[in-house]
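Peer 1: Just so you know, the protein sequences line up as chains A and B, in that order. Per the numbering used here, the first sequence starts with residue 1, numbered consecutively. Per the numbering used here, the second sequence starts with residue 382, numbered consecutively. Backbone N, C-alpha and C define an ideal beta-carbon position, used for all residues, glycine too.
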Amino acid sequence: MKFPSNFRVDSGDFFGMAGEQDSLKSAFMVAAMDKLGYDVVTLGEREFNYSQAFLLDTFKKTKIDVVSSNLVYADTKKPFVKPYVIRKMCSTRVAFFGLIGTDMKIRTLLSERALEVKDPFATAKALVPELRKKADVVVLLSHLGLTESQRMTLEVPGIDVMVFGHQPGLFRELVKTNGVINTRAGERGQYIPGIHLVVEDGKIASYDGVVVTLDDKIPADEEMNQMVDTFNDEMNRRFSSNSNASTPPGQPAPIPVGGDHYLGEKNCRRCHEAEYQMYASQPHARAFDTLTKNQRDSSPECLPCHVVGYGQPGGFSSKTATPDLVNVQCENCHGMGTKHPGKEDANAVVGPQVCLTCHTHEQNPDFDYSEAVTHIVHWHQ
Amino acid sequence: MNSLTRFRSLLFLLVAAGLAALSPRLLGKGSPCDILIQATTDVYGELAPCG
Numbered sequence: 001m002k003f004p005s006n007f008r009v010d011s012g013d014f015f016g017m018a019g020e021q022d023s024l025k026s027a028f029m030v031a032a033m034d035k036l037g038y039d040v041v042t043l044g045e046r047e048f049n050y051s052q053a054f055l056l057d058t059f060k061k062t063k064i065d066v067v068s069s070n071l072v073y074a075d076t077k078k079p080f081v082k083p084y085v086i087r088k089m090c091s092t093r094v095a096f097f098g099l100i101g102t103d104m105k106i107r108t109l110l111s112e113r114a115l116e117v118k119d120p121f122a123t124a125k126a127l128v129p130e131l132r133k134k135a136d137v138v139v140l141l142s143h144l145g146l147t148e149s150q151r152m153t154l155e156v157p158g159i160d161v162m163v164f165g166h167q168p169g170l171f172r173e174l175v176k177t178n179g180v181i182n183t184r185a186g187e188r189g190q191y192i193p194g195i196h197l198v199v200e201d202g203k204i205a206s207y208d209g210v211v212v213t214l215d216d217k218i219p220a221d222e223e224m225n226q227m228v229d230t231f232n233d234e235m236n237r238r239f240s241s242n243s244n245a246s247t248p249p250g251q252p253a254p255i256p257v258g259g260d261h262y263l264g265e266k267n268c269r270r271c272h273e274a275e276y277q278m279y280a281s282q283p284h285a286r287a288f289d290t291l292t293k294n295q296r297d298s299s300p301e302c303l304p305c306h307v308v309g310y311g312q313p314g315g316f317s318s319k320t321a322t323p324d325l326v327n328v329q330c331e332n333c334h335g336m337g338t339k340h341p342g343k344e345d346a347n348a349v350v351g352p353q354v355c356l357t358c359h360t361h362e363q364n365p366d367f368d369y370s371e372a373v374t375h376i377v378h379w380h381q
Numbered sequence: 382m383n384s385l386t387r388f389r390s391l392l393f394l395l396v397a398a399g400l401a402a403l404s405p406r407l408l409g410k411g412s413p414c415d416i417l418i419q420a421t422t423d424v425y426g427e428l429a430p431c432g
């Protein structure tokens, strides 16, 4: 069935955490959402991780409406972005408004005007009756978390549809709570809940929906793949030139005088040849190849798990400056070589917690420690 | 009231009644409207994998 009125919305937290790479990725994420045809988004606390200007400028380049009904400038009490939008399609007026929780930490730079998060319940109680007069369907993009969102359905009548944000989680089916059709979309774009409303005489006559899992059964969009690949290539080139700028090509990174530092596998091999030989044929010894193959071998967010001691004393700085420190080597799991005191070394035996620092759920959703460890046996059993 | 005026009045009433009858349709009322709302949240991590 083709829907003439297909709205794409997001309930917040589409920006990353901190740093140059994250900010570039965040801007790319918004550009990709625009390309995908998103209509309306609301803001989470993460959207303030860079600056207000960065956030507003990023959206100026798009057709996406940003709404937040209870986020105002502290001095004037004027809205930071639009409190709501009404989109009319197929003769039906749909109002979208957004709310953010008062417990969210909104990062504000010293040079920026302070923002205030007004009470979401008082805001909604005042706004929803106004929206009901102007629209046939009222949709809340809620960045309040699960508990507060559910409380909203009890305390504020007049909301037809609610999209949960802030707390990851997934409703595999549409749920109706206190008369409000609601959905929880999971995270990382892995699921797309679709809420189908049939509106007749200005009222929702019926509804149904389905949660689509974006797995391998859904064919990839070639244009979007190309866009992501181009972005990743540009990022890699950018950070490659950054890292090479500080150290002349072919020159090793300076070893700190005194203090602990990384030594590289050559030093370990002097005493642990048998272990080294076993390790050398295993996946960790080729971990850098994965990044090279995917054009990510200068990516600051990828390097820590594919080289030795990235950004730390005596550790990897770039593939030209420290070529002996590529791949996952002994010190990634057992610690800095200069901290290796002797036979009683506490780091000799490594537990799952060390592996899980890199084999995270995001990177390896199917990672099973007991199975994986069989591929890296380099000790006498 | 002459016949021309009566005719004009009758014509006006007929047009007005027709418009009133059609108004729900003209305003889009009466015909069902299918709307699909697709939603996401926390999408940033989608770009995380390093390979």
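#1: Identify the continuous alpha helix (DSSP H) that holds C414(B) and give its terminal residues.
#2: Residues of chain C with CB closer than 9 Å to the CB of V199(A), please, in chain order.
#3: List the endpoints of the continuous alpha helix (DSSP H) containing T153(A).
#4: Report the three-state DSSP secondary structure of N182(A) (helix, strand or coil).
#5: Quick one: what does DSSP say M29(A) is sitting in, helix, strand or coil?
#6: Report all residues from its chain with a CB closer than 6 Å to the CB of V81(A); omit the five preceding and five following residues, and keep chain order.
#7: Taking the alpha carbon of V128(A) as the point to measure from, which residue in T147(A), L109(A) and V85(A) has its own alpha carbon closest?
#8: Round the Cβ separation of G315(A) and Y262(A) to the nearest angstrom and send it over; I've been treating them as touching at under 8 Å.
#9: Using a Cβ cut-off of 9 Å (strictly closer), state whether M152(A) contacts chain B.
#10: What residues in its chain sit with their C-beta under 6 Å from that of G409(B), if we drop five residues either side in the sequence?
#11: Is there a Cβ of chain B sitting closer than 9 Å to that of A205(A), yes or no?
#12: Short of 7 Å in beta carbon distance, which residues of its chain neighbour P248(A), apart from the five on each side in sequence? Order them along the chain.
#13: Spatial neighbours of V373(A) within its chain, please: C-beta separation below 6 Å, excluding the five flanking residues on both sides.
#14: Under a three-way DSSP split, which group does Y82(A) fall into?
#15: DSSP three-state label for L127(A), please.
#16: So is T386(B) in contact with chain A if we call contact Cβ pairs under 9 Å?
#17: Using only alpha-carbon positions, find the residue among T153(A), L115(A) and Y276(A) that is nearest to V328(A).
#18: Spatial neighbours of P352(A) within its chain, please: CB distance less than 6 Å, with the 5 preceding and 5 following residues excluded, ordered by chain position.
#19: Below 8 Å on the Cβ atoms is my guess for S26(A) versus L141(A); work out the distance and round it to an integer in Å.
#20: DSSP three-state call for P193(A): helix, strand or coil?
#21: Please determine if the stretch 29-49 of chain A and the stretch 118-127 of chain A are in contact, where contact requires at least 3 C-beta pairs separated by less than 8 Å.
#22: Determine the extent of the beta strand (DSSP E) in which R172(A) is found, giving its start and end residues.
#23: Would you check if there are 3 or more beta carbon pairs closer than 8 Å linking the stretch 161-172 of chain A to the stretch 57-65 of chain A?
#24: What number of angstroms, rounded off, separates the C-alpha of A220(A) from the C-alpha of Y191(A)?
#25: With a 10 Å radius around its C-beta and 16 neighbouring C-beta atoms as the bar for buried, classify S298(A) as buried or exposed.
#26: Roughly how many angstroms separate the alpha carbons of P325(A) and G335(A), rounded to a whole number?
#27: Looking at chain B, is there any beta carbon in it that lies within less than 9 Å of the beta carbon of A185(A)?
#28: For N383(A), which of helix, strand or coil comes out of DSSP?
#29: So which residues on chain B does F164(A) lean against when the C-beta distance must stay under 8 Å?
#30: Would you call the stretch 169-177 of chain A and the stretch 384-394 of chain B touching, i.e. three or more CB-CB distances under 8 Å?
#31: Hey, Y73(A) and A114(A): beta-carbon distance below 9 Å or not?
#32: Helix or strand or just coil, what does DSSP make of G250(A)?
#33: With burial defined as no fewer than 16 other Cβ atoms inside 10 Å of the residue's Cβ, what is the status of L71(A): buried or exposed?
#34: With distances taken between CB atoms, is the gap from V228(A) to A32(A) smaller than 9 Å?
#35: Using a C-beta to C-beta distance shorter than 9 Å, which residues of chain B count as neighbours of H196(A)?
#36: What residues match up with S206(A) in a beta bridge as DSSP calls it?
Peer 2: Judging by the given coordinates:
#1: Reading the second sequence from its first residue, position 33 is the one you call residue 414(B). Careful: C414(B) lies outside any alpha helix (DSSP H), inside the beta strand (DSSP E) at C414 to T421.
#2: Here the protein chains are A and B, and chain C is not one of them.
#3: Here residue 153(A) corresponds to residue number 153 of the first sequence, with the count starting at 1. For T153(A), the enclosing alpha helix (DSSP H) starts and ends at L146 to E155.
#4: The residue you call residue 182(A) lines up with position 182 of the first sequence. Correct three-state label for N182(A): strand.
#5: Numbered from 1 along the first sequence, position 29 holds the residue referred to as residue 29(A). Looking at M29(A) - three-state DSSP - the assignment turns out to be helix.
#6: Taking the first sequence and counting its residues from 1, the one referred to as residue 81(A) is at position 81. Result list for V81(A): V66 and S68, in chain order.
#7: To locate residue 128(A), count along the first sequence from 1; it is residue 128. Nearest neighbour of V128(A) by Cα position, chosen from T147(A), L109(A) and V85(A), turns out to be V85(A).
#8: Position 315 of the first sequence holds residue 315(A). Position 262 of the first sequence holds residue 262(A). For G315(A) against Y262(A), the beta-carbon gap comes to about 5 Å, under 8 Å, which counts as contact.
#9: Locating residue 152(A) in the first sequence gives position 152, where the first residue counts as 1. The beta carbon of M152(A) sits no closer than 9 Å to any beta carbon of chain B.
#10: Taking the second sequence and counting its residues from 1, one reaches residue 409(B) at position 28. At G409(B), the pLDDT of 49 sits below 50, so the modelled position is not reliable; the number obtained from the coordinates is stated separately. A distance below 6 Å between beta-carbons, with the five flanking residues on each side excluded, links G409(B) to no residue of its chain.
#11: In the first sequence, the residue the question calls residue 205(A) occupies position 205. Yes, because at least one Cβ of chain B sits closer than 9 Å to the Cβ of A205(A).
#12: Position 248 of the first sequence holds residue 248(A). In this prediction, P248(A) scores a pLDDT of 49, lower than 50, which makes its location untrustworthy; the coordinate-derived value is nonetheless stated afterwards. Non-local beta-carbon contacts of P248(A) in its own chain, meaning distances under 7 Å to residues more than five positions away in sequence, are absent.
#13: Numbered from its first residue, the first sequence carries residue 373(A) at position 373. None.
#14: Numbered from 1 along the first sequence, position 82 holds the residue referred to as residue 82(A). It is worth fixing the name first, because residue 82(A) is Lys in this sequence and not Tyr. Looking at K82(A) - three-state DSSP - the assignment turns out to be strand.
#15: Locating residue 127(A) in the first sequence gives position 127, where the first residue counts as 1. The answer is helix: DSSP assigns L127(A) an H, G or I state.
#16: For the purposes of this step, residue 386(B) is taken as the residue at position 5 of the second sequence. Against chain A, the CB of T386(B) has no partner CB under 9 Å away; the residue lies outside that interface.
#17: Position 328 of the first sequence, counted from the first residue, corresponds to residue 328(A). Of T153(A), L115(A) and Y276(A), the residue nearest in Cα terms is Y276(A).
#18: What you label residue 352(A) is simply residue 352 of the first sequence in a count that begins at 1. Y369.
#19: Locating residue 26(A) in the first sequence gives position 26, where the first residue counts as 1. Locating residue 141(A) in the first sequence gives position 141, where the first residue counts as 1. That belief does not hold up - the Cβ atoms of S26(A) and L141(A) are roughly 18 Å apart, past 8 Å.
#20: If you number the first sequence from 1, residue 193(A) lands on position 193. Strand.
#21: Cβ pair count under 8 Å is below three, so no.
#22: Mapped onto the first sequence, residue 172(A) falls at position 172. From DSSP, R172(A) is part of no beta strand (DSSP E); its letter is neither H nor E.
#23: Between the stretch 161-172 of chain A and the stretch 57-65 of chain A there are fewer than three C-beta pairs closer than 8 Å, too few to call the two in contact.
#24: In the first sequence, counting from the first residue as 1, residue 220(A) sits at position 220. In the first sequence, counting from the first residue as 1, residue 191(A) sits at position 191. Each residue's Cα considered, the two are about 14 Å apart.
#25: As a position in the first sequence, residue 298(A) is number 298, starting the count at 1. Burial check for S298(A): the Cβ neighbour count within 10 Å reaches 16 or more, so the residue is buried.
#26: Along the first sequence, read from residue 1 onward, the residue named residue 325(A) stands at position 325. Along the first sequence, read from residue 1 onward, the residue named residue 335(A) stands at position 335. In the sequence on display, residue 325(A) carries Leu and not Pro. For L325(A) and G335(A), the distance between alpha carbons rounds to 14 Å.
#27: The residue you call residue 185(A) lines up with position 185 of the first sequence. Using a Cβ-Cβ cut-off of 9 Å, A185(A) counts as an interface residue toward chain B, since at least one Cβ of chain B sits closer than that to its own.
#28: Only positions 1 to 381 of chain A appear in this structure, which leaves residue 383(A) out of reach.
#29: Walking along the first sequence from the start, residue 164(A) turns up at place 164. Within 8 Å Cβ-Cβ: T422.
#30: No, they do not touch.
#31: Position 73 of the first sequence, counted from the start, is the residue given in the question as residue 73(A). Position 114 of the first sequence, counted from the start, is the residue given in the question as residue 114(A). In contact: Y73(A) and A114(A) (Cβ atoms closer than 9 Å).
#32: Locating residue 250(A) in the first sequence gives position 250, counting from the first residue. Annotation note: pLDDT 49 at G250(A) (below 50); position unreliable, no value reported.
#33: By one-based count along the first sequence, residue 71(A) stands at place 71. When all chains shown are included, L71(A) counts as buried.
#34: The sequence position of residue 228(A) within the first sequence is 228, counting from 1. The sequence position of residue 32(A) within the first sequence is 32, counting from 1. Yes, Cβ-Cβ distance for V228(A) and A32(A) is below 9 Å.
#35: Position 196 of the first sequence holds residue 196(A). Neighbours of H196(A) across chain B, judged by C-beta separation under 9 Å: D415, I416, L417 and I418.
#36: Counting from one through the first sequence, the residue named residue 206(A) turns up at place 206. Looking at the DSSP assignment, S206(A) forms a beta bridge with V198(A).
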